[in-house]
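Residue numbering for the sequence shown follows my numbering, starting at 249 and increasing by one per position. Notes follow once the structure below has been shown.
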Amino acid sequence: MNFAEITDDSSVYPGEYVYHEPSKAIVLVGAFNRDEDFIRGLRNGRLMEDRISHFKKINLTKREARLRRISRCTSCKGS
Numbered sequence: 249m250n251f252a253e254i255t256d257d258s259s260v261y262p263g264e265y266v267y268h269e270p271s272k273a274i275v276l277v278g279a280f281n282r283d284e285d286f287i288r289g290l291r292n293g294r295l296m297e298d299r300i301s302h303f304k305k306i307n308l309t310k311r312e313a314r315l316r317r318i319s320r321c322t323s324c325k326g327s
């Protein structure tokens, strides 16, 4: 897992997970506003807001992404 700076040309979407450096926590993004320089999201079940520069994007390698896939139940597939 690598962390990348959020630059002027990168986008952050609601529903995406980002890393909050000061609290060392993974945050679920709820709102991204470049004009007002903030990201609002959920951390530990609570709403938080901070400057964009305090967040980093999470980049998974292809192998890590493959390992994190959710397997589905296939017991009903044959019937």
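Cβ atoms here follow ideal geometry from the backbone N, Cα and C, with glycine treated the same way.
Separation of residue j from residue i, as counted between CA atoms
{"i": "residue 303", "j": "residue 310", "result": "22 Å"}
{"i": "residue 315", "j": "residue 282", "result": "33 Å"}
{"i": "residue 200", "j": "residue 323", "result": "The structure shown does not extend to residue 200, since the chain is modelled only from 249 through 327, so no value can be given for it."}
{"i": "residue 305", "j": "residue 258", "result": "9 Å"}
Cβ-based neighbour list, residue i, same chain, cut-off 7 Å, excluding 5 preceding and 5 following
{"i": "residue 291", "result": "268, 271, 273 and 275"}
Minimum C-alpha distance to residue i - residue among the options
{"i": "residue 284", "options": "277, 297 and 293", "result": "297"}
{"i": "residue 260", "options": "316, 277 and 315", "result": "277"}
{"i": "residue 256", "options": "307, 300, 295 and 322", "result": "300"}
Neighbourhood of residue i by C-beta distance below 8 Å, restricted to the same chain and skipping five residues each side
{"i": "residue 295", "result": "278, 288 and 289"}
Tell me the start and end of each unbroken beta strand (DSSP E) in the region 262-312 that is at least 3 residues and wholly inside, in chain order. If we require 3 residues or more, the beta strand (DSSP E) runs fully inside the region 262-312 come out as 265-268, 273-281, 286-291, 294-298 and 303-307.
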